[in-house]
Amino acid sequence: MSVAVMIAIFIILASSYNLVIGYGGLATVAHPIFFALGAYTAGLLAIHTGLSAPLCIAAGAIVAIAASILLAASALRVSGDYLLIASLGFQLGLLQMIRNFEWTGGPGGLTDIPSTITGAARTPAYLAICGAVAAATVALIAWIVRGPYGRAITAMRDEELAFTALGRNAMNLKIVLFAIGCGIAGIAGGLYAFYYQYLSPEQFDVLQSATILTMVVLGGMGTTWGPVVGAALLLAIPQAITFLDLPPAIMAPAQGIIFTGLVLVFLFLRPSGLIGTSGRGAMPAALGVHDHSGEGT
Amino acid sequence: MTEILRLTGVCKAFGGIVVADDINLSIDAGEILGLIGPNGAGKTSLFNLISGVVRPDAGRIMLQGAPIDGMPLYRRARHGIARTWQNMLLFTSMSVMENLLIAPRDYPGESALLLAFGRTAIWRAEAEMRARGMAILARMDLAQAADTMVTDLPFGHQKLVGLARTLMNDGALLLLDEPMAGVEGAAYETMQRIVREEAASGRAVCVVEHNVSFIKDLCTRAVFMAQGRILQTGSVHELLASEALTELYFGV
């Protein structure tokens, strides 16, 4: 049951990361820190103020959005590639601060986040809430990438120079996409804080972005359902092999091997993911352009 | 004739490489101006300066009397500068019509606010743009290809789509970077006809082209460039008759 809550939270994270990196083509590794900003903001507000849980979570999302605009507006001004480096610095720097401030709980983590729902129905209630937010996230992203707005996103990813020269403000579009994605990660953080009631800086480490990216790639980058499938699979498989009752000494490495193995298998056999339209279908289309230009000259 | 574009003393250098050296140039409405010169003469760089891909180090660029040299690329397009690219830069994962729909000067679909609160405005604009796109494609005999993926089209047709996309911007200035490179047959005729029609409708057109017969057929006036400088301006016949220039160009 608690794995299901985890899966719902990671569906929110993976879907929002997919919006930024898969649809928007914005290379960032800072997704865990926006997750953390949402979690810590919600947790701290819940501890120190009498705000209701939804308001704490909303505040977390707003902090994440504000921070994302700060990062994107400064990094993207230099160039698109710069975002990757800037996001890495942002992720490492902010997490280091969280780890060292006293009021964030320091390296020991933030404890005593009040539980808003108690009793036997706690986990089912959180599952319903997180599941609903996950469904809403998937629906929102599907809605964003459809129609004229989605077309602009695709065109920007295809040929940014031509896109801009046609009068479209690529910078603006990127900042908005980035803010939406990071804001959703902030919401996931808020839910996480209230469900687990305990936050540790280690949970928001930069390696988390590798986990989330794996979910996105495995399921299908730039597809609506890919991150959903990816998150569910990657969290369920390690759980599934616990039934094999292996000794812990074999268990931990086995999970790592399965994890890495899956990524390699998918990169070879289905580079566009489980949900992505025929893995290799994208290749000839891209190569087709070169074929034609060869004809021309 | 109304002057559409004027460049005064425009200079640009990348490190030690001078791509524009005191360029003075004007283009009138209805005119088709040819830019010719050897590779590396600075023709495409001049397009980049005018359209806003790069900013000049010095000098002024005026579009219909208003300075544009401080404007970013996307804003110049909205002010009416439409350009094509040597290597087309089509949106390869999209259909022909989708390529066109991105290109009008005003695209309400890129605003997240409108997306959330003004869907009807977007859809109304969308229907209008689709109709305009179909009309442009029909002029090129490409209406039946509207829903084809651009990468599935033959090269000549892709070039035409590049031009059609640019025509969705109904601004005063049209910059065409090697529109004929690799184009032959029916597509060649169509390209020529469309360029002529656009100029006749009162647009200022500037063409970079190595195909001398295309320049000869179409251009009212031509500019010869080499090493970032304008060496001579005149009728195409005058320029081609100049021995010094043909020597530079053809290396004979």
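Each protein sequence line maps, in turn, to chains A and B. For the first sequence, this note's numbering begins at 101 and goes up steadily by one. For the second sequence, this note's numbering begins at 456 and goes up steadily by one. Just so you know, even glycine gets a beta-carbon here, dropped at the ideal spot from N, CA and C.
For residue 264 of chain A, three-class secondary structure by DSSP: helix
C-alpha gap between residue 388 of chain A and residue 514 of chain B, whole angstroms: Residue placement at residue 388 of chain A cannot be trusted, given a pLDDT of 31 that sits under 50; the coordinates are not used to answer.
Rounded straight-line distance, which links the Cα of residue 101 of chain A to that of residue 264 of chain A: 48 Å
Under the three-state DSSP convention, the category residue 618 of chain B falls into: Residue 618 of chain B falls in the helix class under three-state DSSP.
Counterpart residues of residue 489 of chain B in DSSP-defined beta bridges: B:662, B:677
Short Cβ contact (9 Å threshold) for residue 136 of chain A with residue 146 of chain A: With respect to the 9 Å criterion, residue 136 of chain A and residue 146 of chain A are not classified as neighbours on the basis of their beta carbons.
Chain B within 9 Å of residue 276 of chain A, Cβ atoms only: yes
Residue 458 of chain B: first and last residue of the uninterrupted alpha helix (DSSP H) it sits in: Not the alpha helix (DSSP H): residue 458 of chain B falls in the beta strand (DSSP E), residues 458–469.
Which of helix, strand or coil DSSP assigns to residue 704 of chain B: helix
CB contact flag (residue 486 of chain B, residue 654 of chain B, <9 Å): yes
Secondary structure of residue 306 of chain A, DSSP reduced to three states: Reduced to three states, the DSSP call for residue 306 of chain A is coil.
According to DSSP, residues forming a beta bridge with residue 475 of chain B: According to DSSP, which records beta bridges pairwise, residue 475 of chain B is partnered with B:467.
Beta carbon of residue 103 of chain A nearer than 9 Å to that of residue 331 of chain A: no
Anticipated Cβ contact below 8 Å, residue 680 of chain B with residue 686 of chain B, distance rounded: 7 Å
Below-9 Å beta-carbon distance, residue 177 of chain A vs any chain B residue: False, the Cβ-Cβ gap to chain B never drops below 9 Å.
Where the beta strand (DSSP E) containing residue 254 of chain A begins and where it ends: Run containing residue 254 of chain A: none in the beta strand (DSSP E); it sits in the alpha helix (DSSP H), 247–258.
Straight-line gap, residue 464 of chain B to residue 676 of chain B (C-alpha atoms, nearest Å): 20 Å
Any C-beta of chain B under 9 Å from that of residue 263 of chain A: yes
Whole-Å CB distance - residue 128 of chain A paired with residue 183 of chain A, under 8 Å assumed: 6 Å
Three or more C-beta pairs below 8 Å linking the stretch 166–183 of chain A and the stretch 275–283 of chain A: yes
Boundaries of the beta strand (DSSP E) in which residue 536 of chain B is found, first to last residue: 536–538
Per-residue contacts from residue 373 of chain A into chain B (C-beta, under 7 Å): In chain order: nothing, as chain B lies at least about 16 Å away.
Chain-ordered neighbours of residue 248 of chain A on chain B, where CB pairs are closer than 7 Å: 564, 577, 581
Any C-beta of chain A under 9 Å from that of residue 537 of chain B: yes
Beta bridge counterpart(s) of residue 210 of chain A as assigned by DSSP: A:299
Sequence-distant residues of the same chain with beta carbon closer than 6 Å to residue 474 of chain B, five excluded per side: 467, 497, 500, 683
Residue range of the unbroken beta strand (DSSP E) whose run includes residue 687 of chain B: 684–689
Three-state class that DSSP yields for residue 375 of chain A in the structure shown: coil
Partners in chain A for residue 533 of chain B, counting only beta-carbon separations shorter than 8 Å: 267
For residue 510 of chain B, the three-state DSSP class (helix, strand or coil): coil
When B:493, B:638, B:668, B:546 are compared against residue 699 of chain B, the one with the closest alpha-carbon: B:493
Reference residue 188 of chain A, options A:232, A:307, A:256, A:217, closest by Cα: A:307
For residue 633 of chain B and residue 541 of chain B, believed in contact at Cβ under 8 Å, the rounded distance: 5 Å
Residue 302 of chain A at chain B interface by Cβ criterion, 9 Å: no
Expected contact under 8 Å - CB spacing of residue 277 of chain A and residue 120 of chain A to nearest Å: Right, their Cβ atoms sit about 6 Å apart.
Same chain, Cβ closer than 7 Å to residue 295 of chain A, five either side skipped, listed in chain order: 105, 226
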